[in-house]
Amino acid sequence: MAVVIIAEAGVNHNGDLTRAKEMAQAAKAAGADMVKYQVALPELVVSRFAQKADYQREATGGQESQLEMIRKLHFDFDAHRELKAYCEEIGIVYFATAFDLPSIDFLEEVGLPMHKVPSGEITNLPYLERIGRTKKPVLLSTGMSTLAEIEDALSVLEDGGAGEITLLHCNTEYPTPFEDANLLAMADLSETFGLRVGYSDHTPGVVCDIAAAALGAVVIEKHFTLDKSLPGPDHKASLDPEELRCMVDGICQCETALGSGEKRVSASEAKNRPAARKSIVAAKAIKAGELLSEDNLTTKRPGDGLSPMRWYEVLGRAAVRDFAPDEQIEL
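Given below as structure tokens:
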């Protein structure tokens, strides 16, 4: 199964619909399967008392509240309708994460094929119930979560009738230090819950994404931006369009390289057997009838003669003819 690659535009459009469309173009050009945005009614997501996370404060300063910040970064529903239509026009799947109940209902209205539960909502019971009732497949991001919290969230989703659930391993630090990526936890999630797993990545670069594909991720989600120098909370922890293209190419190459899992001789290497392997040859001049021994035999390329695996079968036999040095031995 091919890895589904989600180019996470998030709020890196900075509230500019033209830039959001340009991001859809960039995601398509890079080869991503989906471009994903965030849908929210800010007053329903963040209280006026909420402070910014440390990474948000470092990226945008501490003068404004978290609510004031996200008010600048979100479109209304009509803008998302226009954005979805544009994505369909250029041939890339529009995807979005909802952060409140009306936004879930909106995404149902516009016909999203599945839903994404972000890490911050994994303990939001009313939210999970609403997602479950859609009966759609779900990507459940597990950043900041314990196994017990994941189990609780799964119970709510499954009780509500959610479709197939894929767990996304995630670390919710922007950017995530490599020592905290813990990619092997994907196996823990798969074994514990018996579900497909993917990876929502916030590490710098593309190494962890390609490694995640090699470790069995079926979905990989990665933030990207048109310009890392733009103001906003997520730009510095995002890929630029060229890096996104390199990530997509790397994941595709990784998928191809994984192969069938059956050890066999490939067509590309079979032709190199004679050039790389050795045959039993004369180490010195040998007269007809002379006994073949470790003294007058050796092994050298090419490998289109007697295999050295027949070494002990050859030793002690009489030479069938004269052999010059380096000539392949015949029996």
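So the sequence shown is numbered by our numbering: it starts at 1 and just counts up by one. All C-beta atoms in this analysis are idealised placements derived from N, C-alpha and C, irrespective of residue type, glycine included.
query                                                                                                                                                              : result
Can you tell me whether P241 is buried or exposed, with buried defined as 16 or more other CB within 10 angstroms of its CB?                                       : buried
Using a Cβ-Cβ cutoff of less than 6 angstroms, which residues in the same chain neighbour D180 once the five nearest sequence positions on both sides are dropped? : N171
With a threshold of 16 other CB atoms inside 10 Å of the CB of E8, please say whether the residue is buried or exposed.                                            : buried
Have a look at V219 and V281 and give me their C-alpha separation to the nearest angstrom.                                                                         : 54 angstroms
Pull up the CB-CB distance for L244 and A32, whole angstroms please, since I reckon it's below 8 angstroms.                                                        : 7 angstroms
How would you write the range of the alpha helix (DSSP H) that R196 sits in, first residue to last?                                                                : Per DSSP, R196 belongs to no alpha helix (DSSP H); it is in the beta strand (DSSP E), 196–201.
Have a look at L167 and L83 and give me their C-alpha separation to the nearest angstrom.                                                                          : 27 angstroms
Helix, strand or coil for H115 per DSSP?                                                                                                                           : strand
With three or more C-beta pairs closer than 8 angstroms as the rule, is the stretch 49–68 touching the stretch 119–128?                                            : no
Using the three-state DSSP reduction, which class does F193 fall into: helix, strand or coil?                                                                      : helix
With the cut-off set at 8 angstroms, would you say L73 and G232 are in Cβ contact?                                                                                 : yes
Would you call the CB atoms of V314 and L331 closer than 8 angstroms?                                                                                              : yes
Applying the 10 Å Cβ sphere with the 16-neighbour rule, what's the burial state of R264?                                                                           : exposed
Throw me the rounded Cβ distance for the D322 and I286 pair, which I believe falls under 8 angstroms.                                                              : 7 angstroms
Relative to the C-alpha of S141, which residue among L195, N272, T298, F49 is closest?                                                                             : L195
Please list the terminal residues of the continuous alpha helix (DSSP H) segment that includes F106.                                                               : 101–110
Taking just the CA atoms, how far does G198 sit from E255?                                                                                                         : 14 angstroms
With 16 other CB atoms within 10 Å as the buried threshold, where does L147 fall?                                                                                  : exposed
Per DSSP, what kind of secondary structure is I329 in: helix, strand or coil?                                                                                      : coil
Specify the secondary structure class of T298 as computed by DSSP and reduced to three states.                                                                     : strand
Going by alpha carbons, who is nearest to A318 out of L297, D326, P302?                                                                                            : L297
By DSSP, does E8 sit in helix, in strand, or in coil?                                                                                                              : strand
Can you tell which of Q328, E164, G111 has its C-alpha closest to the C-alpha of G132?                                                                             : E164
Let's test the definition: count the other Cβ atoms within 10 Å of the Cβ of F178 and tell me whether it reaches 16, buried, or not, exposed.                      : exposed
Kindly indicate which three-state DSSP category I90 falls into: helix, strand or coil?                                                                             : helix
Buried or exposed: where does E43 fall if 16 or more other Cβ atoms within 10 Å of its Cβ makes it buried?                                                         : exposed
Kindly indicate which three-state DSSP category T97 falls into: helix, strand or coil?                                                                             : strand
Does E313 come out as helix, strand or coil in the three-state DSSP assignment?                                                                                    : helix
Do you know offhand how far P113's Cα is from F106's?                                                                                                              : 13 angstroms
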